[in-house]
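Reviewing the structure listed below.
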Amino acid sequence: MLKRHMPSLTALQCFEAVARHLSFTRASEELALTQSAVSKQVAQLEDMLQHLLFRRVRRRLQLTPAGALYLAEVRKILTQVEMSTHYMLSYGGETEVLRVATPPTFGARWLIPRLKGWRLRHPNIHLDVRNELEPDALVQGRADVALFFGQGALPGAECIRLFSEEVVPVCAPSTLPEAP
Numbered sequence: 001m002l003k004r005h006m007p008s009l010t011a012l013q014c015f016e017a018v019a020r021h022l023s024f025t026r027a028s029e030e031l032a033l034t035q036s037a038v039s040k041q042v043a044q045l046e047d048m049l050q051h052l053l054f055r056r057v058r059r060r061l062q063l064t065p066a067g068a069l070y071l072a073e074v075r076k077i078l079t080q081v082e083m084s085t086h087y088m089l090s091y092g093g094e095t096e097v098l099r100v101a102t103p104p105t106f107g108a109r110w111l112i113p114r115l116k117g118w119r120l121r122h123p124n125i126h127l128d129v130r131n132e133l134e135p136d137a138l139v140q141g142r143a144d145v146a147l148f149f150g151q152g153a154l155p156g157a158e159c160i161r162l163f164s165e166e167v168v169p170v171c172a173p174s175t176l177p178e179a180p
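Under the UniProt record's numbering, the first residue of the sequence shown is numbered 1, with each subsequent residue one higher.
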């Protein structure tokens with residue numbers, strides 16, 4: 001078998017935390033690692049990728065273009081690992097499977113956290129939450145239920161509105177006009 005060139009999950013977590021905080025110190029606090037350990041993980045990742053992921057500009061940390069591209073991919077990977085872990089934590093050898101299709105971020109950040117206690121209430125049904133970017137998984141038979149944002153018109157499927165969406169503008173106070 002060929003040796004795979006893959007970074008460790010720890011290295012990916014360190015990179016993502018540093019990129020989110022733009023700080024090795026804050027990332028190390030979040031991950032309960034030393035700043036030196038976080039820095040070493042990121043340096044090894046840069047060495048493996050043969051690309052700088054961060055640069056210092058006027059004593060501030062910035063993502064390089066390569067770092068920004070890699071960050072988007074790493075976030076997808078970490079979300080998938082999180083969802084797979086939740087899936088395995090809920091697995092109990094059930095006899096029936098309910099396949100639920102949902103966009104990755106919605107599934108990981110909204111749906112999965114709300115499924116606590118599912119196994120106790122439904123011990124014979126195993127939930128298989130699948131990452132899908134489009135609701136066609138339902139029509140194509142890859143899912144029994146699909147949760148997606150849209151207008152509720154999917155040929156071959158019965159659509160039920162679960163939530164209304166409210167969109168509000170958000171801006172920094174400094175961008176608002178002065179009050180009269």
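Ideal Cβ positions, reconstructed from N, Cα and C, are used throughout, including at glycine.
Note that the coordinates shown come from a computational prediction; the quantities given were computed from them, not determined experimentally.
What would DSSP say about residue i, mapped onto helix, strand or coil?
| i | result |
| --- | --- |
| Ala-101 | strand |
| Gln-140 | coil |
| Arg-121 | helix |
| Arg-161 | coil |
| Leu-78 | helix |
| Val-167 | coil |
| Ala-72 | helix |
| Arg-20 | helix |
| Arg-109 | helix |
| Arg-6 | Per the sequence presented here, residue 6 reads as Met, with Arg not at that position. Met-6 falls in the coil class under three-state DSSP. |
| Thr-85 | helix |
| Leu-115 | helix |
| Glu-178 | coil |
| Thr-34 | coil |
On a Cα-Cα basis, can you pick out the residue from the options that is closest to residue i?
| i | options | result |
| --- | --- | --- |
| Glu-132 | Phe-24, Pro-7, Thr-79 | Thr-79 |
| Ser-36 | Met-48, Ala-172, Val-18, Pro-103 | Val-18 |
| Arg-60 | His-86, Leu-22, Ala-27, Met-48 | Leu-22 |
| Trp-118 | Arg-109, Arg-142, Ala-137, Tyr-87 | Tyr-87 |
| Gly-150 | His-122, Gly-141, Ile-160, Ser-39 | Ile-160 |
Rounded to whole angstroms, how far is the Cβ of residue i from the Cβ of residue j, which I believe are closer than 8 Å?
| i | j | result |
| --- | --- | --- |
| Glu-16 | Val-81 | Not a contact, Cβ separation roughly 11 Å. |
| Val-100 | Leu-127 | 6 Å |
| Asp-144 | Leu-111 | Their Cβ separation, rounded to whole angstroms, is 14 Å, which puts Asp-144 and Leu-111 out of contact at 8 Å. |
| Pro-103 | Phe-163 | Contact doesn't hold; Cβ gap of about 14 Å is too wide. |
| Ala-27 | Cys-14 | 6 Å |
| Leu-53 | Tyr-70 | 6 Å |
Per the DSSP calculation, residue i is bridged to which residue(s)?
| i | result |
| --- | --- |
| Arg-56 | Leu-61 |
| Ala-146 | Ala-101 |
| Glu-96 | Ile-125 |
| Arg-130 | Ala-101 |
Beta-carbon separation of residue i and residue j under 8 Å?
| i | j | result |
| --- | --- | --- |
| Val-129 | Gly-107 | yes |
| Thr-64 | Gln-41 | no |
| Ala-66 | His-51 | yes |
| Leu-154 | Pro-135 | yes |
| Gln-44 | Arg-55 | no |
| Glu-96 | Ile-125 | yes |
| Met-48 | Pro-7 | yes |
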